[in-house]
Amino acid sequence: MGRANYGPRIGDPKGIIGPVTLDGEPLENWTCHPLPLDHLPELPFRGTDTPVAGPSFHRGTFTVDTPADAYLALPGWTKGVAWVNGFNLGRYWSRGPQRRLYVPAPVLRPGTNELVLLELHAATTRVARLTDEPDLGWTDEG
1 MGRANYGPRI GDPKGIIGPV TLDGEPLENW TCHPLPLDHL PELPFRGTDT
51 PVAGPSFHRG TFTVDTPADA YLALPGWTKG VAWVNGFNLG RYWSRGPQRR
101 LYVPAPVLRP GTNELVLLEL HAATTRVARL TDEPDLGWTD EG
């Protein structure tokens with residue numbers, strides 16, 4: 001998800017570095033279109049009780065009494081991007097190493113706050129959690 005900026009892996013390639021295939025067959029004459037993520041509140045959200053597989057947006061609200069630095073935990077979510085009140089917190093990935101996203105206090109407001117997730121694969125839950133503890137997962141101390 002990130003780029004190595006030191007050590008032996010500094011030259012690791014990122015992005016599409018080989019042929020694009022579907023069911024083992026090369027795809028040809030395909031195009032890539034960016035998603036306009038500048039206006040998340042304008043997205044048409046619909047509630048569903050059916051699990052969604054594949055790329056999908058999810059929106060929920062939560063209440064904060066007094067804004068303070070926090071960490072967003074997303075157990076059961078796979079891989080995607082998280083926004084709080086329109087602020088891009090960054091990308092999450094269940095493989096880690098980082099297990100929680102930092103939510104700066106100024107992003108939160110007293111009262112109702114909005115969380116939007118772009119889940120790229122599938123989630124086994126519809127729950128997210130705010131905590132005051134980071135979880136950096138494994139760290140490379142070598």
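The numbers in the UniProt record's numbering rise by one with no breaks, and the one at position 2 of the sequence shown is 2. C-beta: ideal position from N, C-alpha, C; glycine also. Source: prediction; values computed, not measured.
When the Cα atoms are used, what is the spatial distance from residue 9 to residue 105? 34 angstroms
Inspect the beta-carbon positions of residue 107 and residue 91 and report whether they are closer than 9 angstroms. no
Between the CA atoms of residue 117 and residue 87 - distance to the nearest angstrom: 11 angstroms
Neighbour-count burial assignment, residue 77, 16 or more Cβ in a 10 Å radius: buried
Report the rounded CA-to-CA distance for residue 110 versus residue 34, giving the unit in angstroms. 33 angstroms
Look at residue 132 and residue 69 and say whether their C-beta atoms are less than 9 angstroms apart. yes
Neighbourhood of residue 17 by C-beta distance below 6 angstroms, restricted to the same chain and skipping five residues each side: none
Three-state secondary structure assigned by DSSP to residue 70: strand
Is the beta carbon of residue 47 less than 9 angstroms from the beta carbon of residue 115? no
Tell me, to the nearest whole angstrom, how far the beta carbon of residue 96 is from that of residue 138; I am working on the premise that it is less than 8 angstroms. 7 angstroms
Out of curiosity, what's the CA-to-CA distance linking residue 130 and residue 71? 6 angstroms
Taking only the alpha-carbon atoms, compute the straight-line gap between residue 100 and residue 75 and give it to the nearest angstrom. 9 angstroms
Closest residue to residue 63 among 85, 36, 93 (Cα-Cα distance): 85
Would you call residue 20 buried or exposed, if buried means 16 or more other Cβ atoms sit within 10 Å of its Cβ? exposed
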